[in-house]
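Remarks on the structure that follows.
Okay, here's the thing in structure tokens:
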């Protein structure tokens, strides 16, 4: 006999809430890191002046 | 300067570890709430996301004022960082709130609740800040528009916080430490600090991203380098 006015179960909602939180935070972290590393690699490319000799 | 990325990385790592500990306590150790049962465990992530979302928007408001006052790009970059993580947490709290509302209130959403409507409006307002920013090419104007839009959008933050006291609808009023048992307070506090540390890491990294993006935008066009055996049109 369950007491009245008490919510029973609901673990699926709990798991969904924690899963959404983990996925969204991980996806945002991955998004920031990937955008940053893309820009960093672009910044590392040497910019050569016109007339400067190229290797090979 | 080299110490800053290390501090922000430590903040991110600390946030991650605390979030794992807080979630484990919230899911496994904490007892079910007297009336809401296990569903109350959603509050251990929902409430910290709500607190930190409002805090991130408040910090963004401060950065926006500093950006307008000093016209320094650094404040503009930090404003974007704070707005973006505030938006992510705002989106999360809306979804978590719906997942909590369904088993406890019997509905996913209602337009008759002021807290829900103001929270959704807050999401739209700050999404609008980032959309407006994306439409402006000139860095100086972009910074000014972002700051002004952030200040305007911030008007909704106190409304979200105080609306449950001013208008009594479905959403409950804020709890206080005196009205919560120790078993509930611990995971909520750990997760609140976890998300705060993570938010600091996100703001620092996002501001760094914006700084580098501006450097790329302001850099001179790379010279066209002739490739052997190919004629370069000028």
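Residue numbers (this note's numbering), protein chains in the order written: chain E, 1 to 56; chain B, 57 to 290.
All C-beta atoms in this analysis are idealised placements derived from N, C-alpha and C, irrespective of residue type, glycine included.
Keep in mind that this is a model prediction, so the values were computed, not measured.
Quick one: any contact between the stretch 85–95 of chain B and the stretch 10–28 of chain E, if contact means 3 or more CB pairs under 8 Å?
Verdict: yes, contact present.
Counting C-beta neighbours from all protein chains within 10 Å, is the total for residue 229 of chain B 16 or more, i.e. buried, or is it exposed?
With fewer than 16 Cβ atoms within 10 Å of its Cβ, residue 229 of chain B is classed as exposed.
Using the DSSP secondary-structure output, state which residues sit across from residue 93 of chain B in a beta bridge.
Answer is B:89, bridged to residue 93 of chain B.
Return the first residue and the last residue of the alpha helix (DSSP H) that residue 206 of chain B is part of.
Per DSSP, residue 206 of chain B belongs to the alpha helix (DSSP H) from 195–209.
Rounded to whole angstroms, how far is the Cβ of residue 205 of chain B from the Cβ of residue 180 of chain B, which I believe are closer than 8 Å?
Actually they are not in contact, since the Cβ atoms of residue 205 of chain B and residue 180 of chain B sit about 12 Å apart, beyond 8 Å.
How many Å lie between residue 222 of chain B and residue 174 of chain B at the Cα?
Taking the straight line from one Cα to the other gives about 13 Å.
Mind reading off the beta-carbon distance from residue 99 of chain B to residue 176 of chain B? Whole number of angstroms is fine, and I expect it under 8 Å.
Not a contact, Cβ separation roughly 19 Å.
Should residue 107 of chain B and residue 248 of chain B be called a contact, given that it needs their Cβ atoms to be closer than 8 Å?
Yes, the Cβ-Cβ distance between residue 107 of chain B and residue 248 of chain B is below 8 Å.
Step through the CB atoms of chain B and report whether any lies within less than 8 Å of the CB of residue 30 of chain E.
So, not an interface residue.
Confirm the yes/no value for this check: CB of residue 241 of chain B, any heavy atom of the ligand SAM, distance under 7 Å.
Although the ligand SAM was asked about, the structure shown includes no ligands whatsoever.
Only counting the same chain, and skipping five residues up and downstream in sequence, which positions put a Cβ closer than 8 Å to that of residue 201 of chain B?
188, 189 and 192.
Skipping 5 residues on each side, what residues in its chain have a beta carbon closer than 6 Å to that of residue 111 of chain B?
No residues qualify anywhere along the chain.
What number of angstroms, rounded off, separates the C-alpha of residue 84 of chain B from the C-alpha of residue 19 of chain E?
The straight-line gap from Cα to Cα measures roughly 15 Å.
Residue 182 of chain B to residue 172 of chain B, Cα distance in whole Å?
Distance between the alpha carbons of residue 182 of chain B and residue 172 of chain B is about 16 Å.
How many angstroms separate the CA atom of residue 134 of chain B from the CA atom of residue 101 of chain B?
Distance between the alpha carbons of residue 134 of chain B and residue 101 of chain B: 25 Å.
So, residue 170 of chain B versus residue 219 of chain B, is the Cβ gap smaller than 8 Å?
Yes, Cβ-Cβ distance for residue 170 of chain B and residue 219 of chain B is below 8 Å.
Using only the alpha-carbon positions, how far apart do residue 140 of chain B and residue 86 of chain B sit?
The straight-line gap from Cα to Cα measures roughly 32 Å.
Which class does residue 57 of chain B belong to by DSSP, given the choice of helix, strand or coil?
At residue 57 of chain B the pLDDT is 47, less than 50, meaning the model places this residue with poor confidence; the figure from the coordinates comes in the next sentence. DSSP places residue 57 of chain B in coil when its eight states are reduced to three.
May I ask you to report which of helix, strand or coil DSSP gives residue 41 of chain B?
The question about residue 41 of chain B has no answer here: the residues shown for chain B are numbered 57 through 290.
Tell me whether residue 364 of chain B is buried or exposed, calling it buried when 16 or more other Cβ atoms sit within 10 Å of its Cβ.
Residue 364 of chain B lies beyond the stretch modelled for chain B, which goes from 57 to 290, so this question has no answer here.
Is residue 274 of chain B buried or exposed, if buried means 16 or more other CB atoms sit within 10 Å of its CB?
Residue 274 of chain B comes out exposed.
From this set, B:109, B:160, B:263 and B:130, which residue's C-alpha is nearest residue 89 of chain B's C-alpha?
When only C-alpha atoms are compared, the closest one is B:160.
Quick check on the DSSP output: what are the complete alpha helix (DSSP H) runs of length 4 or more inside the stretch 114–159 of chain B, in order along the chain?
Within the stretch 114–159 of chain B, no complete alpha helix (DSSP H) run reaches 4 residues.
Which word fits residue 132 of chain B, buried or exposed, when buried means at least 16 other C-beta atoms lie within 10 angstroms of its C-beta?
It counts as buried.
Going along the stretch 87–99 of chain B in order, which residues come within less than 7 Å of chain E, judged by CB to CB distance?
For the stretch 87–99 of chain B, which is checked against every Cβ of chain E, the residues closer than 7 Å are 91, 92, 93, 94, 95, 97 and 98.
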